[in-house]
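Accompanying notes for the structure given below.
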């Protein structure tokens, strides 16, 4: 039982490049989330998916898109990366309204 | 909108001493409250949670927290800290029963002195 997995662990991009962060969970959870963590800011919600087939914006959605591919997988896409998107990205999943379980994170640097 | 305040950015405690990390929340309805811990370079691990019932909740690693509705607080405590408790601690809130994401405080960095 792997819990929540994220790929890649590290990534360096140049400004304007695109990439997709992958997240998968094997706990049969309905809800999935993407957060970003910046120094001194805590974690902030980018997007979430309450159930398969639905997605909603969180606090900081600008510059990102998401896809809930199926119940297990929830991807985050940066279409044109900017230095302001340098951050650590965490995926999480939960039974709706209950404890969220976090992945190990992806450390992204945009030059 | 809901918000979480952790007033202490850094706290230094001697090993073996007691610990209290403060958390205040702003939320109109019944909140679901959480404490998570993050070791350097790691993801977040749940320490404990409060949904309803007994306002003193026990968690892992010897931590406990007390929900005080009148003070809008959910402070984390441990009677005797160990060097391995050095980490970043986050308080978080979510609307009860909803699938919305967590709202986090900015975190408290705990330093343990030998």
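Residue numbers (my numbering), protein chains in the order written: chain Z, 628 to 738; chain Y, 659 to 772.
Think of the CB as a built atom: it goes at the ideal place given N, C-alpha and C, for glycine as much as any other residue.
Contact annotation: in the stretch 704-735 of chain Y, residues whose CB is within less than 7 Å of a CB in chain Z are 704, 707. Looking at 763(Y), 750(Y), 770(Y), the one whose alpha-carbon comes closest to that of residue 691(Y) is 750(Y). Shown here for residue 701(Z): same chain residues with a beta carbon closer than 6 Å to its own, the five before and five after excluded, namely 650, 659, 676, 695 in chain order.
Of all alpha-carbon atoms in 681(Z), 732(Z), 663(Z), the one lying nearest the alpha-carbon of residue 689(Z) is that of 663(Z). Under the 8 Å Cβ criterion, the stretch 630-648 of chain Z counts as touching the stretch 717-725 of chain Z, having at least three qualifying pairs. Chain Y has a Cβ within less than 9 Å of the Cβ of residue 729(Z). Residue 736(Y): member of the beta strand (DSSP E) spanning 731-736, first to last residue.
In this structure, the alpha-carbon of residue 717(Y) lies about 43 Å from that of residue 644(Z). In its chain, beyond the 5 residues on either side, 662, 685, 686 have a beta carbon closer than 6 Å to the beta carbon of residue 672(Z).
Residue 721(Z) carries a strand assignment under DSSP once its states are collapsed to helix, strand and coil. When the Cα atoms are used, residue 664(Y) and residue 764(Y) turn out to be separated by approximately 6 Å.
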